[in-house]
Every structure is written in structure tokens, then in C-alpha cells.
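In UniProt numbering, the protein residues as written are 1 to 269. No residue lacks a Cβ here, since even glycine has one placed at the ideal position from N, Cα and C. Here the structure comes first, spelled out in C-alpha cells, and everything after it is commentary.
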């Protein structure tokens with residue numbers, strides 16, 4: 001059950017706000033930063049948890065602030081930069097990166113290109129990044145099916161023989177060297193081309209904070225430049241830089257944008 005103080009603080013946050021929120025402790029020190037597509041609902045979840053960490057955090061909350069970002073992508077970008085800047089005590093696990101699993105390109109002994117899901121490493125650049133292993137595994141299953149790749153080669157079906165999909169004829173036999181390496185790798189190459197971060201200019205248009213407003217995430221030559229809001233519609237010749245708050249790209253910002261584009265692509269299938 002919520003304390004009277006926490007209940008009062010939560011009620012001050014409007015329902016349905018998409019954005020980031022700050023839990024403030026003594027002396028207006030930020031002790032936690034989070035994001036949600038419904039901040040009030042997320043706060044209730046925080047304050048109803050009974051773990052030792054949750055109770056410690058609840059006891060220290062004196063005030064709540066929030067920023068309406070209008071959409072989830074901009075909320076994610078804002079949360080990531082804020083956590084790295086403020087380093088709140090209860091965000092310790094997220095100070096470096098929220099992405100723990102990555103999809104990596106490897107080669108089998110026979111020369112087939114293999115997509116492998118592994119924990120993120122600084123030694124190798126991942127193709128895709130995921131916050132949880134389950135998310136990454138589900139994505140890899142979808143990609144393997146879409147491009148008619150082999151579950152065994154992609155580490156999804158451990159076996160010494162043919163993969164199960166081979167018996168269904170949805171795998172073309174790379175697992176038992178029946179498919180030519182060049183033919184198999186060509187399909188992996190098609191996947192690689194499809195996920196390549198666009199090196200062109202791109203304006204990602206999103207929902208705004210209020211009626212008639214739009215959110216904007218700007219990509220220039222494949223580099224994340226920042227985000228902002230504007231009223232109405234974009235016209236030819238609009239200076240997009242004047243609409244955004246400039247940001248510096250890092251690995252997490254690119255991962256977040258890649259993840260957004262990946263989900264948009266999946267929804268369109």
C-alpha cells in the first residue's frame with residue numbers, strides 16, 4: 001500500500017504522459033531516472049514493489065519531476081543521456097548501457113556466415129543490440145525464418161546433424177553442407193544490407209506532446225544529430241537544425257534508433 005506522501009506525489013502526475021521522470025531525494029538530489037509510455041502507471045509499479053532496493057528508494061523520495069516527450073523513442077534517447085550525465089544512485093546498473101546482448105557476425109569452419117547472439121563486448125561491434133536475451137532470441141528466430149537461414153548455424157538449434165527446419169524444407173541444407181556457401185552467404189548479405197544504418201539524411205517524424213505538434217529525430221549521413229518538436233507540417237526547405245536540440249551520438253543512441261527502426265520494419269511485415 002502506498003504511503004500518503006507517495007500517493008500524493010503520484011497523483012500530481014497526469015495520466016498517460018509519455019516521457020522521462022526523476023525521483024528526487026533530500027536536497028533535490030536525483031536518485032533515479034526512468035522512462036515510460038505512461039509515467040503515472042510506472043510510478044505506481046515502482047512504489048508497490050516490496051524488494052529491499054525498492055523500499056530503500058521509496059523511503060528516500062521527496063519529490064517527482066517529469067518531462068513529457070510525446071513518444072517512446074525520444075523518451076528513450078532522453079533517459080539514456082540523463083542517466084549518463086546525472087549518474088543517479090539507483091540507476092547504477094544502467095550508467096554505462098542499457099543494452100546487454102548483441103547480434104554478431106561470425107563464420108563457421110565451412111565458411112557459412114553465422115549470426116550469433118552473445119553478451120555485448122567492447123571488442124567487436126554488434127549488428128543489433130538488445131536489452132534482454134529473450135528479445136534478441138525472438139528477433140534472431142524471425143530473421144532466420146524470413147531469410148531462410150539455418151537455425152543450427154545461427155546457434156538456435158544445437159545438434160550434430162541437420163536442424164529441425166531442414167526436415168520441413170524451410171532450411172536449404174546449409175547445416176549438412178547441402179547448400180552452397182556462396183548461395184547461403186548471399187542471403188545473409190541481403191539481411192546485412194537491410195539493417196545497415198542509413199548513411200543518408202533522415203528525419204524520423206514522431207508523435208508530439210500535444211495536438212498539432214510533431215516530434216523529430218534528425219539523422220545526417222548516418223549520424224544522430226538530435227531531436228526536437230515543431231508545429232504543423234514540415235515544408236520543403238525547412239532548416240531542420242533550427243528545430244532540434246543538438247546531441248552527440250554515442251553507441252547507445254545509435255542502438256536505440258536502430259531498435260526503433262527494427263520494430264517499425266517488423267510491424268510492416
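Item	Value
Whole-angstrom C-beta distance between residue 230 and residue 243, which should lie under 8 angstroms	5 angstroms
Given 8 angstroms, three or more beta-carbon pairs between the stretch 66-76 and the stretch 17-29	yes
Rounded separation between residue 37 and residue 16 - CA only	7 angstroms
Member of 240, 164, 137 and 162 whose CA lies at the smallest distance from the CA of residue 226	240
Residue 201 classed as buried or exposed, judged by whether at least 16 other C-beta atoms fall within 10 angstroms	exposed
Beta-carbon proximity check, residue 209 vs residue 70, cutoff 8 angstroms	yes
Unbroken beta strand (DSSP E) run spanning residue 146, endpoints	Here residue 146 belongs to no beta strand (DSSP E); instead the alpha helix (DSSP H) covers 133-146.
Identity of the residues DSSP links to residue 223 by a beta bridge	220
Residue from 106, 181, 214 and 139 with nearest C-alpha to residue 68	214
8 angstroms Cβ cutoff met for residue 185 and residue 112	yes
Residue 154 vs residue 206 beta-carbon contact at 8 angstroms	no
Cβ separation of residue 10 and residue 55, assumed to be a contact under 8 angstroms, to the nearest whole Å	In fact, because the Cβ distance is near 16 angstroms, the residues do not count as touching under 8 angstroms.
Cα-Cα separation between residue 224 and residue 129, rounded to whole angstroms	17 angstroms
Whole-Å CB distance - residue 196 paired with residue 149, under 8 angstroms assumed	Not confirmed; about 18 angstroms, so no contact.
Ranges of the beta strand (DSSP E) found wholly within the stretch 183-269, counting only runs of at least 3	202-207, 213-220, 223-231 and 244-246
Proximity to residue 131 [Cα-Cα], best of 100, 160 and 158	100
N- and C-terminal bounds of the alpha helix (DSSP H) containing residue 85	72-86
Residue 156 beta carbon less than 8 angstroms from that of residue 168	no
Residue 30 (DSSP reduced to helix, strand or coil)	strand
Continuous alpha helix (DSSP H) stretch holding residue 39: start and end	39-48
For residue 63, the nearest candidate out of 13, 72 and 83 (CA to CA)	13
Residue 90 classed as buried or exposed, judged by whether at least 16 other C-beta atoms fall within 10 angstroms	buried
Integer-rounded CB distance, given that residue 8 should sit under 8 angstroms from residue 256	Wrong, their Cβ atoms sit about 33 angstroms apart, outside the cutoff.
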